[in-house]
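Note that my numbering gives residue 165 to position 9 of the sequence shown, counting from 1, and the numbers run on in steps of one. All residues carry an ideal CB built from backbone N, CA and C; glycine is no exception. Every value quoted in this text rests on a predicted model; they were computed, and no experiment measured them. Structure first, then comments.
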Amino acid sequence: MKKLLSICLLTLAVIMCFSSCSKIEKSAVILNDNASEIINRVFYESNYVRGAYYGTDLVFEDEAYPRNRYFIVRNEEEFNKIFTSNTGINVDFSSEMLVIYTFTADYVRPIELEKLHVDNDRIYIELNMEQKRRMFEMPRGDACTPFQRYVVIGMSRSDVSEVEVNVKS
157 MKKLLSICLL
167 TLAVIMCFSS
177 CSKIEKSAVI
187 LNDNASEIIN
197 RVFYESNYVR
207 GAYYGTDLVF
217 EDEAYPRNRY
227 FIVRNEEEFN
237 KIFTSNTGIN
247 VDFSSEMLVI
257 YTFTADYVRP
267 IELEKLHVDN
277 DRIYIELNME
287 QKRRMFEMPR
297 GDACTPFQRY
307 VVIGMSRSDV
317 SEVEVNVKS
């Protein structure tokens with residue numbers, strides 16, 4: 157009985173530690189981790205990233221294209237320029253904003269928001285791409301043709317002007 161109680165208390169302590177050590181704003185959430193299908197075509201084509209495959213012989217390896225881009229959306233007008241009309245994303249721009257991060261991805265695995273914090277005028281975001289792990293099994297290849305991936309993060313409104321993102325895969 158004492159052993160069971162000890163295990164329960166230890167488990168509870170570990171859970172409390174992880175929940176209190178989290179650096180994610182309470183309001184920050186990934187709204188869409190592969191939003192290419194809801195991005196406006198004109199916006200999409202004017203914001204290509206280096207290394208992604210865009211169809212027949214269309215791969216931009218030129219240094220003129222960045223490896224990733226971010227966009228901070230603070231109002232309905234910016235939102236309408238970026239997204240198609242059927243996004244399923246509802247934002248109250250009086251108290252919320254969106255951070256859109258796009259990069260060249262080699263996997264379609266789900267992405268989770270691991271850390272997000274604001275420091276002065278910069279947002280630091282850490283994303284974690286789900287790992288395919290199976291016990292007692294060799295890992296299977298799940299890579300795909302490099303593509304441009306969009307991650308849409310909703311959060312409390314802030315006056316930040318820069319975004320720094322780290323994607324762990």
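C-alpha gap between residue i and residue j, whole angstroms
i, j, result
"aspartate 262", "lysine 237", "27 Å"
"histidine 273", "aspartate 189", "19 Å"
"threonine 240", "asparagine 231", "15 Å"
"serine 192", "lysine 271", "23 Å"
"glutamate 282", "tyrosine 204", "22 Å"
"alanine 184", "methionine 253", "10 Å"
"isoleucine 228", "aspartate 298", "31 Å"
"cysteine 177", "serine 202", "Residue placement at cysteine 177 cannot be trusted, given a pLDDT of 40 that sits under 50; what the coordinates show is reported in the next sentence. Each residue's alpha carbon lies about 39 Å from the other."
"glutamate 233", "serine 314", "17 Å"
Beta-carbon spacing of residue i, residue j below 7 Å
i, j, result
"valine 130", "tyrosine 221", "The structure shown has nothing for residue 130, since the chain only spans 157 to 325."
"isoleucine 279", "valine 308", "no"
"proline 302", "glycine 207", "yes"
"valine 319", "tyrosine 226", "yes"
Three-state class that DSSP yields for residue i in the structure shown
i, result
"glutamate 233", "helix"
"valine 319", "strand"
"isoleucine 194", "helix"
"phenylalanine 199", "helix"
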